[in-house]
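Novice:
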Amino acid sequence: MKGLGQVFKAVTSAMIGVGKKEDLIKDFERTEKQGPWAYIIVGLIMTVGFIMAVIAVVGLVLP
Numbered sequence: 555m556k557g558l559g560q561v562f563k564a565v566t567s568a569m570i571g572v573g574k575k576e577d578l579i580k581d582f583e584r585t586e587k588q589g590p591w592a593y594i595i596v597g598l599i600m601t602v603g604f605i606m607a608v609i610a611v612v613g614l615v616l617p
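One gets this note's numbering by counting positions in the sequence shown from 1 and adding 554 to each.
#1: What first and last residue would you give for the alpha helix (DSSP H) that runs through Val-615?
#2: Any idea if Ala-564 is buried or exposed, counting beta-carbon neighbours within 10 angstroms, 16 or more meaning buried?
#3: Flag this pair as yes or no: are the beta carbons of Val-561 and Ala-607 separated by less than 8 Å?
#4: Which term fits Asp-577, buried or exposed, when burial requires 16 or more other beta carbons within 10 angstroms of its beta carbon?
#5: Relative to the C-alpha of Arg-584, which candidate in Gly-613, Leu-558, Ile-599 and Leu-614 has its C-alpha closest?
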């Protein structure tokens, strides 16, 4: 589970545009060993969640 938490942290920091260079290097090393699929799946899930949150907020604001 520690690896999955790290993937969520990496994707979240990438989505908001912040992060440390050391973490970026670790992420690239992990991607070379395990493949990019965990990052792709988590990125898609978080993107869909973000879009749903925006739609929900707009629905609350504009009745």
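Positions of the beta carbon are idealized from the N, C-alpha and C atoms, including for glycine.
Specialist: Checking against the coordinates, here is how it stands:
#1: 591–615
#2: buried
#3: no
#4: exposed
#5: Leu-558
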